[in-house]
Ligand SMILES: [Zn+2]
Ligand SMILES: [Zn+2]
């Protein structure tokens, strides 16, 4: 959970800012998004007439699975955040602020907290490619045996005998004698 209390900022005049630094920040963002390490970034929170505008960039190492060779790999992604959060309760009188039906804006909760988890989850999820590749020229898996081709081409039984198997072949010959 990456939550920050903005009660103080909501009592300041529009234009007032706070800086939120995410450094070595570990978080669990959801079962579909695995962080291989901590997030880093700086978010600038600015009081607006209506709420709090959050802008900045966040970097995160995401664990992905290559669509060709099925190996896990880590991709460092950077996302831009630019989102206005509106209060659920009026910071001055504590009355609930009406939420219009279908209002897509992000909310500050009734404890004056902004939870960045869902926003970061959504922004980071959008970086997921349709065909994630560990490297652009990943050769994938052998269609015959399913082994990874990343180490180069290899031979099969139907091909010439593998010299590495020669001692085994000799052993089998001896046992048949
Ligand atoms: Zn791959
Ligand atoms: Zn093979």
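Numbering (our numbering), first residue to last: 1399 to 1575.
Here a beta-carbon is modelled for each residue, glycine too, at the ideal position from N, C-alpha and C.
Query - Range of the contiguous alpha helix (DSSP H) that encloses residue 1555 - result: If you number the chain shown from 1, residue 1555 lands on position 157. In this chain, residue 1555 is not harboured by any alpha helix (DSSP H), its DSSP state being neither H nor E.
Requested in this report: To the nearest angstrom, report how far apart residue 1564 and residue 1550 are at their CA atoms.
Outcome: Within the chain shown, numbered from 1, the residue matching residue 1564 stands at position 166. Within the chain shown, numbered from 1, the residue matching residue 1550 stands at position 152. Rounded to whole angstroms, the separation of the alpha carbons of residue 1550 and residue 1564 is 21 Å.
Query raised in the report: With respect to 8 Å, is the separation between the Cβ of residue 1544 and the closest non-hydrogen atom of ligand 2 below this value?
Result: The count along the chain shown starts at 1 and reaches residue 1544 at position 146. At least one heavy atom of ligand 2 is nearer than 8 Å to the Cβ of residue 1544, so yes.
Query raised in the report: What are the residues that DSSP puts in a beta bridge with residue 1454?
Result: As a first step, residue 1454 is located in the chain shown; it is residue number 56 there, counting from the start. Note: residue 1454 sits in a beta bridge opposite 1441 and 1479.
Report task. Report yes or no: do the stretch 1523–1530 and the stretch 1447–1455 share at least 3 C-beta pairs separated by less than 8 Å? Result -> Short answer: they don't touch.
Query - Neighbouring residues (CB closer than 5 Å to any heavy atom of ligand 1) - result: The set, ordered by position in the chain, is 1464, 1466, 1467, 1532 and 1536.
**Report entry** Delimiting residues of the alpha helix (DSSP H) encompassing residue 1535
**Finding:** Here residue 1535 is taken as the residue at index 137 of the chain shown, counted from 1. Element bounds for residue 1535: n/a, residue is neither H nor E.
Query raised in the report: Closest by CA to residue 1415, which one among 1513, 1405 and 1421?
Result: Start at 1 with the first residue of the chain shown, and residue 1415 comes out as number 17. Put simply, of 1513, 1405 and 1421 the residue whose alpha carbon is nearest the alpha carbon of residue 1415 is 1405.
Query - Cβ-Cβ distance between residue 1444 and residue 1481 below 9 Å - result: Counting from 1 along the chain shown, the entry for residue 1444 is found at position 46. Counting from 1 along the chain shown, the entry for residue 1481 is found at position 83. Taking 9 Å as the Cβ cut-off, residue 1444 and residue 1481 do not qualify as a contacting pair.
**Report entry** Exposure of residue 1467, with buried meaning 16 or more beta-carbon neighbours within 10 Å
**Finding:** In the chain shown, counting from the first residue as 1, residue 1467 sits at position 69. So residue 1467 counts as buried.
Requested in this report: May I ask whether a heavy atom of ligand 2 can be found less than 8 Å away from the beta carbon of residue 1510?
Outcome: Here residue 1510 is taken as the residue at index 112 of the chain shown, counted from 1. Look at residue 1510: its beta carbon is at least 8 Å from all of the heavy atoms in ligand 2.
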